Structures are given as structure tokens and as C-alpha cells.
């Protein structure tokens, strides 16, 4: 009886630890995904600003 309870407790603790690790991994994956997307948006914004500046420089030279 005691062994069965102990085995059940170990199994439950193991499942709990596994679920916590899985949750942390998913949370980290989501964080990485959003950080990557934010970096891509920043880079794209920077590229557009750069293009605009070059366009304005070219446009003002012709006048």
C-alpha cells in the first residue's frame, strides 16, 4: 500500500515537473517568436526610412 502511494506520488511529481518544463519551453518559444518579429519590423522600418531619405536627397538634388 505504501509503495503504491509512493509510486503514485512520484509519477504525479514527474508529470508536474514535465508539464512545468513544457510550459516554460512554450513560453520561451513565444517570447523568441515575438522578439524576432519585433526585430524584423524595426529593421523593415529602418529600411523604409533609409529609402525615404535617399529619395528625398535625390529629389532635392534635381531642383
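Residue numbers (this note's numbering): 304 to 366.
Backbone N, C-alpha and C define an ideal beta-carbon position, used for all residues, glycine too.
If you're wondering where the values come from, they're calculated on a predicted model, not measured in any experiment.
I'd like the list of long-range same chain contacts for residue i, defined as Cβ closer than 7 Å, with 5 residues on each side in sequence excluded.
i, result
"residue 353", "none"
"residue 335", "none"
Short of 6 Å in beta carbon distance, which residues of its chain neighbour residue i, apart from the five on each side in sequence? Order them along the chain.
i, result
"residue 330", "none"
Give me, in chain order, the residues of the same chain whose beta-carbon lies closer than 8 Å to that of residue i; leave out the 5 immediate sequence neighbours on both sides.
i, result
"residue 323", "none"
"residue 344", "none"
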